[in-house]
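Residue numbers (my numbering): 4 to 739.
Glycine included, C-beta positions come from ideal geometry on N, C-alpha and C.
A quick note: this is a predicted structure, and the numbers were derived from the prediction, not measured.
Shown next, in structure tokens, is the structure this report addresses.
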Amino acid sequence: MRGNHDELERLQKMNAIDPADRPPMNQEEYDAEYGDKPNNGEPILRQLGRALHSSYCYPFTGWRPFVNTVFGFMPILEWLPKYPVKEYLVNDIIGGLTTGIMHVPQGIAYSALAGVDPVYGLYASCFPAFFYMFFGTSRHVSIGSFAVVALMAGVANDKVFASHVGGKVELIQNQTHFDVAVHYAVTPIQIATTLTFAIGIWQLLCALLRLQFLMTYFSDPLVSGFTTGAAVHVLVAQIDDLMGVQVPKASGVGYIFTRIYDLAIRVPQVNVITLIISLASMVFLYAGKEYISPFLKKKVHLRVPIPYELILVASTAALGAILNWNENNGVEIVGNIPAGLPQPELPTFSILGECLVQSIGIAIVIIAVHISMAKMLGKKFNYHVDDSQELYAISLTSLLGGCFPVYPVSTALGRTMVNVQSGSKTLLSTVFSCVLLLAIILWLGPYLRALPRCVLAAIITVALKSMFMKCGQVKRIYSISKIDFLIWMVSFLATTLIDVMEGLAISIAFALFTVICRSQWPKWQYFYRSTQEKQIENDEKATENSNICVFRFDGPLLFTNVERFKNSLKLTTDSWMESWKPKDVQEVTHVNGEQKQPTNLHGEDKPHFLIIDCKAMAYCDYMAACALNEIAKDLKDKGVVLYLTGANGPLRVALKASGFFDIIGREQLFPTLKDALAIATTKGGALRLLTEAKKNEQMNQQAVRPATSAFGTSSASLPPIPSYPVVRPSPPASNK
């Protein structure tokens with residue numbers, strides 16, 4: 004610990020050093036003065052070995068490490084004994100009951116997207132959330148039904164089911180009773196349960212291999228574009244229920260167009276009563292959320308959100324039973340919801356292989372949505388969320404949930420925000436949500452039999468509003484980053500126009516492609532300066548006397564971009580060297596077999612300095628180091644002095660291993676650009692004075708009156724370093 008403290012003090016001391024408060028020095032002098040040593044970090048294999056030992060061996064080295072590991076694996080054992088009852092209990096009760104009320108209509112509604120009966124939506128809202136409470140570190144997330152995940156599960160369910168019935172089976176979208184499946188070995192709920200278990204396997208594998216870092220590649224534009232595109236599919240899937248028509252099942256690439264066509268030709272068959280109920284339900288929900296709740300919150304300071312969905316479900320279920328909409332008006336209803344708890348049973352392992360294939364994309368989406376939401380809430384409320392533990396938590400939630408008749412679940416964005424707004428403080432609020440859900444499962448479920456399915460479709464449709472609101476981010480994303488804008492558009496269009504699973508794959512592939520592009524084509528910049536003048540601007544006339552060229556490459560130097568580095572540097576140096584004409588000789592001259600610096604036509608020695616600013620080069624690979632060696636040799640042959648500035652420890656170690664310092668001396672390495680410019684200016688000025696004195700001496704010997712030198716004094720003071728005004732997003736075409 005003391006060593007780390009000393010290192011921190013040394014770094015703070017170094018960062019406090021202003022180059023203006025010390026004389027110019029090269030890297031070796033700087034290291035000797037301030038103790039800056041290249042820090043290469045711990046070797047990667049040693050890091051991996053230490054991580055494996057810490058994770059898998061250390062817990063079994065004694066009883067205390069074992070107990071600590073168990074407590075770390077089940078965070079509830081740590082926070083529950085310290086639970087502040089007086090401060091948090093009331094908030095958790097209110098928040099838990101409020102969230103539980105939202106679970107009921109959403110669980111029933113999203114079960115249709117997953118292709119299973121409504122009662123399984125209630126199970127999916129209860130059991131996984133209860134399991135997460137033991138293993139999770141996020142205090143506010145609401146685990147349960149989520150529209151996008153339910154839709155993806157329904158697509159996967161259909162594919163596995165179709166492969167087992169031996170052909171294409173026309174099923175009604177969002178059908179709650181799959182009577183056609185009773186003649187086959189597997190049912191939709193068995194597929195959904197096994198799919199949940201398979202998702203848990205993938206998530207557990209990610210946790211064991213510590214692959215949570217891969218989630219950094221799921222940028223916000225990617226997730227936003229994908230979820231918005233998936234929301235379009237969810238919306239289209241609700242239209243038939245909203246209209247009261249039956250549409251044959253469509254699947255495959257671009258199936259959304261087939262479904263829209265099927266809906267269009269069935270417009271004359273619309274059930275008017277169903278359509279009226281749908282429109283009235285959506286108006287009620289929208290008006291309540293957008294107008295009534297804000298008004299009440301402003302006037303009476305209402306703290307608890309009003310459960311409009313539950314009010315709508317209860318009232319329409321009662322009206323449906325009283326008015327007998329199903330028999331009198333042909334309105335589709337939910338049907339029987341059995342009371343009682345299900346018996347736990349193992350997944351159907353005979354279809355596990357197929358479910359593993361279909362569940363990869365779903366597992367990725369669940370991880371990305373859950374971890375991003377958990378980290379956002381942790382940052383907002385100032386508590387730590389452990390990425391690694393969260394992977395274990397959601398994997399065990401899926402694995403244990405797969406032993407009950409549920410479909411895949413995730414963190415629901417809207418329900419989580421309601422949980423936060425209603426005042427929940429800890430995961431103990433989950434207990435009260437589950438108690439409410441159990442009461443409905445055990446006793447109140449049968450009373451929802453007459454609930455119109457169009458009401459559930461209306462609930463889903465209005466809930467999609469928050470997802471479609473993400474389209475408002477596009478303009479802001481475009482103004483900040485054009486590449487992120489492309490990621491959003493590709494994710495949205497691929498998901499919408501092709502399919503959800505294929506759209507996810509295309510989105511990830513395109514995002515990774517942009518990462519490659521950004522590293523392969525970084526920007527480069529340069530400016531010129533003269534040892535005779537204070538500053539040289541970047542125009543053609545100003546390069547005549549500029550004998551200092553500063554070049555900067557904004558990115559790590561790798562085999563993917565080393566050719567761009569060489570080409571951009573060549574373009575810069577060629578233009579710079581061209582400016583030496585007609586006064587300066589381009590090639591190195593050899594006198595009596597000795598190499599000489601370039602001289603102008605008057606015989607005046609004029610050194611030229613190329614300074615490569617390496618501050619943006621985080622690291623380099625083998626090909627990059629070899630390229631730097633080639634550049635150093637070429638510049639040395641042309642009589643150009645090469646300086647490197649801002650090279651970090653790993654870069655200097657790589658240069659040393661490649662033999663770079665056998666070509667140029669270590670004294671040509673500098674800690675900052677200001678040091679290099681100061682030394683180059685000083686050396687150029689000193690050589691210029693020496694040349695001027697030699698010229699005057701020759702003129703005196705020839706009995707010619709000496710000219711007055713314009714450089715009577717030399718100053719090592721340096722004007723402020725100019726910014727890099729020339730930015731090249733891509734190498735310009737060379738003029739031949």
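*asked:* Quick test of the definition: if touching needs 3 or more C-beta pairs under 8 Å, does the stretch 64 to 83 touch the stretch 403 to 421?
replied: no
*From A150, S128, K85, G75, pick the residue whose C-alpha is nearest to that of L416; which is it?*
A150
*asked:* Under 8 Å, with one C-beta from each stretch per pair, do the stretch 395 to 414 and the stretch 121 to 139 reach the 3-pair mark?
replied: yes
_Exposed unless 16 or more other CB atoms sit within 10 angstroms - verdict on P728_ = Here P728 scores only 46 on pLDDT, less than 50, and its place in the model should not be relied on; the value that follows carries that caveat. With fewer than 16 Cβ atoms within 10 Å of its Cβ, P728 is classed as exposed.
*asked:* I want to know whether the stretch 117 to 124 touches the stretch 327 to 347 - three or more CB-CB distances under 8 Å.
replied: yes
*Between L454 and G323, is the Cβ-Cβ spacing less than 8 Å?*
yes
*Where does F260 sit, in a helix, a strand or coil, going by DSSP?*
helix
*Taking the C-alpha atoms as reference points, what is the distance between L638 and S362?*
57 Å
*With DSSP run on the structure shown, which of helix, strand or coil describes G147?*
strand
*asked:* Going residue by residue through the stretch 195 to 220, where are the continuous beta strand (DSSP E) segments of at least 3 residues, counting only ones entirely within it?
replied: none
_Identity of the residue in V316, C474, A253, M218 nearest I280 by Cα_ = V316
*asked:* If you reduce the DSSP assignment to three classes, tell me which class F1 lands in.
replied: Past the edges of the chain, shown from 4 to 739, lies residue 1, and the structure says nothing about it.
*Between the Cα of D265 and the Cα atoms of I242, Q346, L647, which residue gives the shortest distance?*
I242
_Given K428 as reference, the closest of E36, P87, P68 once Cα atoms are compared_ = P87
*Output yes or no for whether 8 Å exceeds the beta carbon distance between F755 and V644.*
With the chain covering 4 to 739 only, the question about residue 755 has no answer from this structure.
*Following the continuous beta strand (DSSP E) through L116, name the residue where it begins and the one where it ends.*
Not the beta strand (DSSP E): L116 falls in the alpha helix (DSSP H), residues 88 to 117.
*Any idea what DSSP makes of V337, helix, strand or coil?*
coil
*Could you name the residues that DSSP lists as bridge partners for H611?*
V643
*Is the beta carbon of P26 sitting closer than 8 Å to the one on I682?*
no
*To which residues of the same chain is V740 closer than 7 Å at the C-beta, ignoring the five residues directly before and after it?*
The structure shown does not extend to residue 740, since the chain is modelled only from 4 to 739, so the question has no answer here.
*Would you call L211 buried or exposed, if buried means 16 or more other Cβ atoms sit within 10 Å of its Cβ?*
exposed
*Sort out for me which residues DSSP pairs L654 with in a bridge.*
DSSP lists no partner for L654.
_Sequence-distant residues of the same chain with beta carbon closer than 7 Å to K686, five excluded per side_ = P610
*asked:* Taking 8 Å as the threshold (C-beta atoms), are E357 and V163 in contact?
replied: yes
*Applying the criterion that 16 or more other CB atoms from any shown protein chain within 10 Å of the CB defines a buried residue, is I480 buried or exposed?*
buried
_Euclidean distance between Cα positions of E740 and P108_ = Because the chain spans 4 through 739 in this model, residue 740 falls outside it and cannot be assessed.
*Proximity of I397 and I365 at Cβ, strictly below 8 Å*: no
*asked:* Nearest by alpha-carbon distance to I204: which of P411, F673, I462, D557 is it?
replied: P411
*asked:* Starting from E505, trace the alpha helix (DSSP H) in both directions and tell me its first and last residue.
replied: 503 to 523
*Grouping DSSP H, G and I as helix and E and B as strand, with all else coil, what is S401?*
helix
*Is it true that the CB of T64 sits closer than 8 Å to the CB of Y232?*
With the sequence shown as reference, residue 232 is identified as Gly, and Tyr is not the correct amino acid for it. Taking 8 Å as the Cβ cut-off, G232 and T64 do not qualify as a contacting pair.
_Less than 8 Å between the C-beta atoms of V337 and R213, yes or no?_
no
_D577 classed as buried or exposed, judged by whether at least 16 other C-beta atoms fall within 10 angstroms_ = exposed
_Would the stretch 324 to 335 count as touching the stretch 434 to 448 if we require 3 or more Cβ pairs under 8 Å?_
no
_For E81, report the span of its alpha helix (DSSP H) as first-last._
79 to 82
*asked:* Whole angstroms are fine: how far does the CA of C209 sit from the CA of R49?
replied: 21 Å
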